[in-house]
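Residue numbers (our numbering), protein chains in the order written: chain A, 1 to 413; chain B, 1 to 413.
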């Protein structure tokens with residue numbers, strides 16, 4: 001095998017998570033051990049920062065006696081320590097100037113290894129860069145490292161960051177159910193959970209059902225057409241069983257015509273990827289229940305804590321996120337390019353995984369939805385099979401470093 | 001001293017907290033040691049449950065070999081394990097029939113010790129019961145145990161439950177600030193924090209400033225008249241310094257005429273105590289910033305997790321909450337009645353407290369607001385003095401019992 005010597009660069013992109021820095025720590029850890037890599041650079045704010053040559057020398061920061069403690073602190077720090085961006089690369093065809101500029105920057109910094117940690121849109125960047133560099137006469141290894149709380153990336157059993165978000169959601173929903181249970185007056189609490197097209201995070205609100213017994217009465221996912229009439233019937237049925245009803249809903253609920261439940265209250269603004277910003281699914285349902293049933297009702301939006309609540313991160317998720325970054329470094333060293341690292345769940349009784357490289361083409365811009373077998377027949381709850389699938393991903397707690405009662409974080413100076 | 005022999009009853013009332021069960025555990029622990037008390041009863045759903053004789057024999061539940069482990073689990077369990085109510089007792093004058101019925105129930109169950117754990121409205125119950133029983137020829141000791149995340153009870157240095165809520169808020173706001181910092185596009189994030197009349201919880205959002213360096217750009221409390229014009233000027237000033245602006249606001253912000261910022265979006269419904277239900281202070285400010293500045297803006301309502309996020313409870317708060325319950329049992333045994341137990345912060349360099357009984361008259365229905373010295377001159381932030389005052393209350397973490405990645409709770413069977 002030909003040995004490719006030079007430098008490496010790593011970036012983070014898309015929405016941050018509680019585990020994305022663990023993957024960064026894994027990539028750094030792997031690259032520092034790699035004798036073909038001289039300097040590991042970090043790009044500030046993803047590809048945007050790389051294009052303006054906003055680089056940080058990670059070898060200087062981590063390649064010293066404090067490596068272990070610094071990488072550990074980084075692994076427990078929420079949000080993208082290198083910053084993020086939402087820049088979408090142009091199509092390789094017809095945008096040669098853009099890519100030639102990129103290649104000239106690779107040459108300038110002798111970048112031979114390129115790592116991009118992110119979700120669907122970031123894998124699109126990896127795919128385009130792979131496509132261009134395949135025929136550009138500059139040898140560079142391009143590897144994607146998956147990251148998204150949404151768990152909607154294809155080709156990987158689950159995504160780094162999902163387990164921590166799921167643990168936060170399941171824990172918080174348990175607490176909300178306890179909180180709601182104290183009064184005897186009939187009341188409905190609607191918990192809105194992130195998930196535009198895939199309901200994985202909303203599924204996780206039900207985890208308590210097979211562990212502690214605390215779970216929402218109903219769980220609605222974007223994988224099923226949502227009907228306001230059936231929803232009200234479900235709420236009535238729940239209220240007939242007990243006074244304190246808790247319901248989990250995905251932000252992306254749509255009726256059979258594809259109209260979002262929160263459409264009336266959403267901003268209508270779309271981001272550069274054409275995603276519509278949603279808001280108010282929970283609030284819209286709150287107002288609807290109030291109007292139809294007249295009972296006490298409130299909505300709770302778990303909001304951005306779902307992706308940054310590192311204080312209740314899953315130890316397994318943090319460890320796997322680190323390992324997937326480490327595996328990416330090793331794969332690149334072994335000559336792999338044009339790949340996304342994936343987590344494969346191994347067959348057998350216990351839970352075990354291996355990390356494999358999957359060809360990037362076809363991964364980006366595809367969405368992995370919750371499968372039929374994970375949703376009940378009525379489309380208003382999840383199956384035990386779904387919960388047993390997610391449960392191993394939330395196991396274990398991390399030992400944060402606390403100072404005067406507050407978690408400490410890693411900071412690039 | 002005359003010895004009063006008989007049974008005891010304890011109840012929980014008002015909004016639940018992450019620490020109210022620790023106070024219940026403290027009361028139970030103290031009473032189980034008290035040789036004058038035969039049976040300790042718990043009232044389900046506060047005084048409402050007592051009136052319908054919905055009692056649980058706590059001596060049977062806890063007075064056995066499993067006492068320590070059960071009390072420990074109870075201490076770490078969020079929300080009122082005995083259930084709660086919002087019932088307001090009628091005035092003793094002119095409602096003799098109501099109170100005679102209550103006394104007949106005390107006699108029926110030989111109740112000689114009455115403990116009520118709650119906030120302002122619960123202390124009103126204690127005060128009225130004290131007033132009536134003072135002249136009713138039935139000897140009973142009536143003690144209030146303070147509880148409220150709002151920290152707005154008079155006569156106590158701080159309230160059990162506040163420290164855990166403050167720790168949750170400070171931790172979550174740190175995480176939100178990290179999350180918001182990843183992009184370079186100017187954006188404003190408004191975090192709405194509970195506090196109708198007192199801004200204590202909102203103050204605590206700033207704790208990171210003196211520990212880790214993470215704190216909101218501005219903090220607005222209900223103790224100061226709120227001006228939309230000054231607010232917009234502040235936001236502009238913050239945006240001129242850095243792109244990612246985070247602002248903490250109390251739900252109870254009012255302008256100089258007393259009109260709530262969220263008035264346009266509130267439900268207008270008032271509860272039995274005449275409190276107006278507020279909603280939308282953060283949302284109202286989000287829409288205002290959007291209109292005036294046109295930048296990216298969002299609002300985050302921390303919502304009920306503020307009072308039930310026991311997974312990030314303050315160890316000091318849980319210990320003090322237990323101790324204040326324990327002290328209540330001891331005080332009653334010593335003949336004390338018509339009192340609320342208070343936490344007194346002792347003079348000196350380190351942090352230490354003692355627990356004392358304060359006469360209940362005058363405590364209920366008064367609100368302790370954030371003092372002038374804790375708010376900066378511009379009324380848009382808090383002083384270091386305020387933060388140093390709160391900081392000891394969030395110190396220490398608790399060791400929860402986890403099962404398959406989820407916290408376990410105490411349940412009365």
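Even for Gly, the Cβ is constructed at its ideal location relative to N, Cα and C.
Values in this document were obtained by computation on a predicted structure and should not be read as measured data.
For residue i, the three-state DSSP class (helix, strand or coil)
{"i": "residue 400 of chain B", "result": "coil"}
{"i": "residue 144 of chain B", "result": "strand"}
{"i": "residue 392 of chain A", "result": "helix"}
{"i": "residue 57 of chain A", "result": "strand"}
{"i": "residue 52 of chain B", "result": "coil"}
{"i": "residue 406 of chain B", "result": "strand"}
{"i": "residue 127 of chain B", "result": "helix"}
{"i": "residue 20 of chain A", "result": "helix"}
{"i": "residue 133 of chain B", "result": "helix"}
{"i": "residue 5 of chain A", "result": "coil"}
{"i": "residue 344 of chain B", "result": "strand"}
{"i": "residue 138 of chain A", "result": "coil"}
{"i": "residue 412 of chain A", "result": "coil"}
{"i": "residue 34 of chain A", "result": "coil"}
{"i": "residue 382 of chain B", "result": "strand"}
{"i": "residue 414 of chain B", "result": "There is simply no residue 414 of chain B to check, as chain B begins at 1 and stops at 413 in what is shown."}
{"i": "residue 288 of chain A", "result": "helix"}
{"i": "residue 87 of chain A", "result": "coil"}
Check whether residue i and residue j have beta carbons under 8 Å apart
{"i": "residue 27 of chain A", "j": "residue 7 of chain A", "result": "no"}
{"i": "residue 184 of chain B", "j": "residue 243 of chain B", "result": "yes"}
{"i": "residue 140 of chain B", "j": "residue 114 of chain B", "result": "yes"}
{"i": "residue 195 of chain B", "j": "residue 84 of chain B", "result": "no"}
{"i": "residue 187 of chain B", "j": "residue 297 of chain B", "result": "yes"}
{"i": "residue 111 of chain B", "j": "residue 307 of chain B", "result": "no"}
{"i": "residue 383 of chain B", "j": "residue 394 of chain B", "result": "no"}
{"i": "residue 357 of chain A", "j": "residue 341 of chain A", "result": "yes"}
Between the CA atoms of residue j and residue i - distance to the nearest angstrom
{"i": "residue 21 of chain B", "j": "residue 337 of chain A", "result": "56 Å"}
{"i": "residue 248 of chain A", "j": "residue 371 of chain A", "result": "18 Å"}
{"i": "residue 176 of chain A", "j": "residue 160 of chain B", "result": "20 Å"}
{"i": "residue 91 of chain B", "j": "residue 254 of chain B", "result": "31 Å"}
{"i": "residue 209 of chain B", "j": "residue 66 of chain B", "result": "43 Å"}
{"i": "residue 11 of chain B", "j": "residue 325 of chain A", "result": "52 Å"}
{"i": "residue 416 of chain B", "j": "residue 217 of chain B", "result": "Here chain B has residues from 1 to 413 only, and residue 416 of chain B is not among them."}
{"i": "residue 231 of chain B", "j": "residue 291 of chain B", "result": "13 Å"}
{"i": "residue 488 of chain B", "j": "residue 125 of chain B", "result": "One cannot answer for residue 488 of chain B here, as it falls past the ends of chain B, which runs 1 to 413."}
{"i": "residue 334 of chain A", "j": "residue 377 of chain A", "result": "47 Å"}
{"i": "residue 134 of chain B", "j": "residue 220 of chain B", "result": "44 Å"}
{"i": "residue 201 of chain B", "j": "residue 101 of chain A", "result": "51 Å"}
{"i": "residue 117 of chain A", "j": "residue 23 of chain A", "result": "8 Å"}
{"i": "residue 350 of chain B", "j": "residue 245 of chain B", "result": "35 Å"}
{"i": "residue 78 of chain B", "j": "residue 179 of chain B", "result": "27 Å"}
{"i": "residue 388 of chain A", "j": "residue 401 of chain B", "result": "20 Å"}
{"i": "residue 119 of chain B", "j": "residue 49 of chain B", "result": "18 Å"}
{"i": "residue 39 of chain B", "j": "residue 360 of chain B", "result": "26 Å"}
{"i": "residue 103 of chain B", "j": "residue 80 of chain B", "result": "25 Å"}
{"i": "residue 163 of chain B", "j": "residue 311 of chain B", "result": "13 Å"}
Cβ separation of residue i and residue j, assumed to be a contact under 8 Å, to the nearest whole Å
{"i": "residue 368 of chain A", "j": "residue 153 of chain A", "result": "6 Å"}
{"i": "residue 404 of chain B", "j": "residue 391 of chain A", "result": "6 Å"}
{"i": "residue 16 of chain B", "j": "residue 174 of chain A", "result": "The pair is not a contact, with the Cβ atoms about 14 Å apart (cut-off 8 Å)."}
{"i": "residue 105 of chain A", "j": "residue 53 of chain A", "result": "7 Å"}
{"i": "residue 250 of chain B", "j": "residue 193 of chain B", "result": "6 Å"}
{"i": "residue 32 of chain A", "j": "residue 59 of chain A", "result": "7 Å"}
{"i": "residue 329 of chain B", "j": "residue 30 of chain B", "result": "3 Å"}
Residues near residue i by beta carbon distance below 7 Å, same chain, minus five either side
{"i": "residue 398 of chain B", "result": "76, 313, 315, 318"}
{"i": "residue 265 of chain B", "result": "With a pLDDT of only 44 at residue 265 of chain B, under the threshold of 50, the placement of this residue in the model should not be trusted, and no figure is reported."}
{"i": "residue 132 of chain A", "result": "92, 99"}
Close-in-space but distant-in-sequence residues of the same chain around residue i (CB under 6 Å, 5 per side omitted)
{"i": "residue 204 of chain B", "result": "166, 169, 170, 390"}
{"i": "residue 62 of chain B", "result": "28, 70"}
{"i": "residue 5 of chain B", "result": "36"}
{"i": "residue 97 of chain B", "result": "none"}
Same chain, Cβ closer than 8 Å to residue i, five either side skipped, listed in chain order
{"i": "residue 3 of chain A", "result": "36"}
{"i": "residue 289 of chain B", "result": "188, 190, 232, 235, 295, 297"}
{"i": "residue 352 of chain A", "result": "345, 346"}
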